[in-house]
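Written out below as structure tokens is the structure these notes cover.
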Amino acid sequence: MTTTTPSATATKVSRRSPTRMAIRRFTKHRAAMVSVVVLLIIVVLALGADVFAAHDPNATDLMAARSGPSAEHLLGTDSTGRDVFARLLHAGRISLLVGVLAALLSVALGILLGSIAGVFGGWVDGLIMRMADVFLSFPVLIVMIVLAGVLGPSVTTMIIAIGVFQWPMCGRLVRGSALSVREHEFVLASQATGARRWWVITRHILPAVMPPVVVAGTLGVAASIGLEATFSFLGLGIQPPTASWGNMLNDAQSLTVIRSQPWLWLPPGLAVAITVLAANFIGDGLRDALDPKQDT
1316 MTTTTPSATA TKVSRRSPTR MAIRRFTKHR AAMVSVVVLL IIVVLALGAD
1366 VFAAHDPNAT DLMAARSGPS AEHLLGTDST GRDVFARLLH AGRISLLVGV
1416 LAALLSVALG ILLGSIAGVF GGWVDGLIMR MADVFLSFPV LIVMIVLAGV
1466 LGPSVTTMII AIGVFQWPMC GRLVRGSALS VREHEFVLAS QATGARRWWV
1516 ITRHILPAVM PPVVVAGTLG VAASIGLEAT FSFLGLGIQP PTASWGNMLN
1566 DAQSLTVIRS QPWLWLPPGL AVAITVLAAN FIGDGLRDAL DPKQDT
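Our numbering puts the first residue of the sequence shown at 1316, with every later residue one more than the last.
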């Protein structure tokens, strides 16, 4: 007959803690783990653009305009002789910055408005949800055209436009979790002892909604990068000479370039596709890892 010592029991409990179990589930998601490595490489290349790129991204050389890949220019040059490789790495900074900050803005608005709607309920809930419906009904492209005309196209305008119009997805997730959590006994006990609603939100609602919010934020980064590329491609986002993956794709508007000069559009197109795909796979991995119903 075997006996279990208290120390052994404590070790087993610590090994099966929710955090450890979530990490183990995430590491078993092969696509997510590969995506983490790929995304880290992209971030390192973007942040170290000055080190990895030998040329100034805005330096022009008309004599070398639209030359193909070579030892001097790894990915060739664009229509004004600028090095495509240097611009690709520096563009990554802008595209990733817009994607991350826009996602953070949408998550912050979603947490705030969703938790208020779920906890306060009544007419407050109805008003916030109708506001979410209004934001979802507006075409983001039309809004971006208006904002670009009023405020001028810029990084700040892009972040605000994308972040503000993406919050309803996160807000509805938070509202649904808040409606469920507020009916639990410990929340009702807190309210019975005089706890204020804001105290309930910060102490009970926010910890409960963080898992779906993390997943929504990760997927929001992917969506924001894709929207930045779309807007910049249409001339509504980041303006030259500042490079972004979206405005580098402007050259793809010409069939001649698409057919005979793929180095002008293929690198930024692949950068957008790979980054968005990696962020989506990481979001899928986090969804599985943070789901307590998954097999351990």
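Virtual Cβ for every residue (Gly too), placed ideally from N, Cα, C.
Review point. Which residue's Cα is closest to the Cα of Q1576: V1399, V1479, A1417, A1504?
Key: V1399
Practice item. For R1345, count neighbouring Cβ atoms within 10 angstroms of its own Cβ and tell me buried if that reaches 16, exposed if not. Key: exposed
Check your understanding: Got a sec? Which residues, its chain only, sit under 7 Å from R1490 by beta carbon, not counting five neighbours each side?
Key -> G1429, A1432, G1433
Review point. Which first and last residues belong to the alpha helix (DSSP H) in which G1545 is found?
Key: The displayed chain sequence assigns Thr, not Gly, to residue 1545. Residues 1521 to 1548.
Exercise for review: Take the Cβ of L1585 as the centre, count every other Cβ of all protein chains shown within 10 Å, and call the residue buried at 16 or more, exposed below.
Suggested key: exposed
Review point. Is it the case that the Cβ atoms of S1559 and V1413 are separated by a distance below 9 Å?
Key: yes
Review point. If you run the structure through DSSP and keep just helix, strand and coil, what is D1398?
Key: strand
**Study point:** Option nearest H1405 by Cα separation, candidates T1471, L1534, F1367
**Key:** F1367
Practice item. Determine the DSSP secondary structure at D1603, reduced to helix, strand or coil. Key: helix
Check your understanding: Looking at the structure shown, is T1392 part of a helix, part of a strand, or coil, going by DSSP?
Key -> strand
Check your understanding: Using the C-alpha atoms, what's the distance from P1468 back to Q1554?
Key -> 7 Å
**Study point:** Sub-9 Å separation of L1420 and I1475 beta-carbons
**Key:** yes
Check your understanding: If you follow the alpha helix (DSSP H) that M1348 is part of, which residue opens it and which one closes it?
Key -> 1345 to 1362
Point to revise | Close Cβ partners of V1612 (< 8 Å) along its chain, the five nearest in sequence each way excluded | key: The structure shown does not extend to residue 1612, since the chain is modelled only from 1316 through 1611, so no value can be given for it.
Check your understanding: Using a Cβ-Cβ cut-off of 6 Å (strictly less than) and excluding sequence neighbours within five positions of G1600, which residues of its own chain qualify?
Key -> F1341, H1344, A1347
Point to revise | Best match in F1453, M1473, W1578 for proximity to L1462 [C-alpha to C-alpha] | key: M1473
Practice item. Can you tell me the Cβ-Cβ gap for V1422 and G1532, rounded? I've got them flagged as a contact below 8 Å. Key: 5 Å
Review point. When the distance is taken between beta carbons, is I1477 closer than 9 Å to A1417?
Key: yes
Review point. Alpha carbon to alpha carbon, how far is H1464 from G1552?
Key: Checking the displayed sequence, the identity of residue 1464 turns out to be Gly instead of His. Cα to Cα, the separation comes out at about 11 Å.
Point to revise | Own chain residues within Cβ distance below 7 Å of L1451, not counting five before or after | key: P1483
Check your understanding: To the nearest angstrom, how far is it from the Cα of D1603 to the Cα of A1594?
Key -> 14 Å
Exercise for review: Can you give me the Cβ contacts of L1390 inside the same chain, cut-off strictly under 7 Å, excluding the 5 residues immediately before and after it?
Suggested key: P1384, V1399, F1400, L1403, W1578, P1582
Point to revise | D1365, DSSP secondary structure in three states | key: helix
**Study point:** Test: A1447 CB closer than 9 Å to a CB of chain D
**Key:** This model lacks chain D altogether; it includes just one protein chain.
Check your understanding: Would the beta-carbon of V1415 fall within 9 Å of that of S1539?
Key -> yes
Exercise for review: Work out the CA separation of F1546 and L1534 for me, nearest whole Å.
Suggested key: 19 Å
Review point. What is the rounded straight-line gap between the Cα of Q1481 and the Cα of V1458?
Key: 13 Å
**Study point:** Beta-carbon proximity list for D1566, same chain, < 6 Å, skipping 5 on both sides
**Key:** V1572, L1579, W1580
Point to revise | Span of the alpha helix (DSSP H), counted from its first residue to its last, around I1457 | key: 1455 to 1466
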